[in-house]
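Protein chains in written order, with our numbering: chain A, 42 to 277; chain B, 278 to 507; chain C, 14 to 270.
All residues carry an ideal CB built from backbone N, CA and C; glycine is no exception.
In structure tokens, the structure reads:
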């Protein structure tokens, strides 16, 4: 269901974004990158890491494995979206600014947020007891989201002191069809996000189930060690 | 809580005092970083718009805080290295100490160590890069707020990575993106304190103060769950 | 808090039955502890009554250390139930209370290498809310009050480190002593000292669980021997073979020795 919606959404986005919407007056065809760049930034940074933060809060409150795994899955997809945002941003920067990297507030803060959540994923992958690991990851997930907002605000503030805000994609003089394409991109990428989230979470959940099931056999194996020892002890 | 904090802080400082890791290793490292920055940015290079000023002098605030941040990573690693050996973390969990007190105590020890470090590195930066001091009040507030931010956030993240074999590599990855806004704010506020006008610096000093309070709160709240873990 | 010379704990384990008021110090039912997915404890059932000295014996890797750590509130309790000193181990608050009330001597000594013997004992005693006047006698009792007092712990031998760690526990005055191979690394005098400390603690109303491979010595000290194998205690003696869940059989029957 969600998969079909995602596929249709992406196809429609391609149609509107690449063919139907007009080229921008100033930026020509490179404006089309915005139909995926901005939505992927919104979905990756705010939606995905928002889900991570929410899941972390709930996990810390009641120790729910469900929300812990969901938080982890959302962060993984969020990092991919953030990376995608960086790449499309730089591709857009090349024809617009003449260089791949300009110390643009959005791009700078996105790269920091990207690194912030790579750290979160590094903690999730630590060789630790699962309960300990999810607790630490949850604390990190909550503070990480707060920090993401601080990073974005401070970088924006910093750059705004030196230069005017860079070109805003959703300007008032935007064409109706362009605005439609933008919102279409937002819907399509949100749907893609939830679709990926569903599948990534399902894999994580099944892994968890397998682990839980293996505990039963591990317990039996562990108990049977006692029989060997009892036999030995009986002989002495 | 405060009594526990002082107990932990005095213990940490006593360990530091007898091991001399801070004065013997971290401090020389910081000075080394300051000198190497001088190599990276040629001391002869002049500011294009103002040829009478050296580039090194103009970027001195940023370089100083980078040197502090890199040295702080070592001090933070050290702060939890002493707890990670010989089951000390378990023993801390077995005490009746208030988790918030443990956080504040470890943070306070790091804070005092960092201030000592900043005094020496600041003198070094003044000697090596040469910069006027326009507004000492703003500088003092900036130093206090930045150090609190680094100590609080650093202690929290170092605790998250404690007890791990990969701790030494994980802490910089976790802490540096978090402290990026602090570096930004500290640099701009210090620039204003040195070269003026002070009005440019006070909002950033306020930002640093807010950041410090936020992370003090976060640490106080999350050390309980961290120490509760089994 | 503890009453010196109270006769009842000494007689506790051998008395016909525990009084209705005396709750077990340790009560585990089907306790499972997973360490990195491995069931270190696989359904442990155990009752320990006040005043007992329980010796845990069994092969390496049987789960003795984990059992002691679980009773200290340091190892996780994933399945089953556990109460120590009338606090629930699966509850956050209960676990905190347990941690504060026990004295655990693990394989590690929990000392700061850079600090001296006295500084270490003083720090941990204060952290444990011990009385300052207990520190001096504890140092003397463990034989580290003389020349060793001002030696940094990094310069101590393994046995001297253990003596220092024991001094911390003595200051702590725990209700439940959890000693993981306390005899290891100590000389004869040191091992005698450990036994004395254990007897004295029990005489003052404490309860002791210890593991040891010095079976001759420990058997003499213990009031009951529990064999641990395959991640759970196997009750020995007259009680029938305990299957999983038949924990009640060993309740109160503390006369295996």
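Proximity test, Cβ basis, 8 Å: residue 142/C and chain B: Yes, residue 142/C lies at the interface with chain B (some Cβ there is under 8 Å from its Cβ).
Coarse secondary structure for residue 281/B, derived from DSSP in three states: helix
C-beta neighbour in chain A for residue 85/C, strict 8 Å: no
Straight-line gap, residue 231/C to residue 501/B (C-alpha atoms, nearest Å): 38 Å
For residue 154/C and residue 75/C, the rounded distance between their alpha carbons: 33 Å
Min CB distance residue 291/B to chain C below 8 Å: yes
Below-8 Å beta-carbon distance, residue 190/A vs any chain B residue: No, because no Cβ of chain B sits closer than 8 Å to the Cβ of residue 190/A.
Beta-carbon contacts of residue 340/B that lie in its chain and below 6 Å, excluding the five residues immediately before and after: Here the set comprises 314.
Residue 147/C versus 245/C, 125/C and 185/C, residue with shortest Cα-Cα distance: 185/C
Reference residue 103/C, options 114/C, 247/C and 84/C, closest by Cα: 84/C
Contact set between the stretch 358 to 379 of chain B and chain C, restricted to residues whose Cβ is under 7 Å from the partner: 359, 363, 364, 365, 367, 368, 370, 371, 372, 373 and 374
Residues in the stretch 37 to 59 of chain C having any Cβ partner in chain A nearer than 9 Å: 45, 47, 48, 49, 50, 51, 52, 53, 54, 55 and 56
Inter-residue spacing [alpha-carbon to alpha-carbon] between residue 282/B and residue 258/A: 46 Å
C-alpha gap between residue 106/C and residue 505/B, whole angstroms: 9 Å
Secondary structure of residue 238/C, DSSP reduced to three states: In this structure, residue 238/C counts as strand in the three-state DSSP scheme.
CB of residue 56/C within 8 Å of CB of residue 245/C, strictly: yes
C-beta neighbour in chain B for residue 177/A, strict 8 Å: yes
Environment of residue 359/B [buried if 16+ CB atoms lie within 10 Å]: buried
Cβ neighbours of residue 261/B in the same chain (closer than 8 Å, five flanking residues each side left out): Since the displayed chain B opens at 278 and closes at 507, residue 261/B lies outside it and no answer follows.
Member of 192/C, 202/C and 124/C whose CA lies at the smallest distance from the CA of residue 164/C: Considering only alpha carbons, the answer is 124/C.
Touch test, the stretch 441 to 449 of chain B against the stretch 311 to 331 of chain B, Cβ-Cβ under 8 Å, three pairs minimum: no
is_contact[residue 247/C, chain A] using C-beta, thresh 8 Å: yes
Best match in 107/A, 48/A and 123/A for proximity to residue 84/A [C-alpha to C-alpha]: 123/A
Chain-ordered residues of the stretch 249 to 267 of chain A with a beta carbon less than 9 Å from chain F: Reference to chain F is not applicable here, since the protein chains of this structure are A, B and C.
Whether residue 239/A touches residue 88/A by CB criterion (8 Å): no
Chain C within 8 Å of residue 390/B, Cβ atoms only: no
Contact with chain B by residue 220/C, beta-carbon distance below 8 Å: no
Euclidean distance between Cα positions of residue 94/A and residue 195/A: 20 Å
Reference residue 482/B; option with closest CA among 469/B, 309/B and 301/B: 469/B
Three-state secondary structure assigned by DSSP to residue 336/B: If DSSP states are grouped into helix, strand and coil, residue 336/B belongs with coil.
Against chain A: residues of the stretch 446 to 464 of chain B by CB proximity under 7 Å: 447, 450, 451, 454, 455, 457, 458, 461 and 462
From 98/C, 152/C and 136/C, residue whose alpha carbon lies closest to that of residue 292/B: 136/C
Rounded separation between residue 318/B and residue 246/A - CA only: 52 Å
8 Å Cβ cutoff, residue 95/C in contact with chain A: no
Residue 396/B burial status per 10 Å Cβ neighbour count (16 or more: buried): By the neighbour-count rule (16 or more Cβ atoms within 10 Å), residue 396/B is not buried but exposed.
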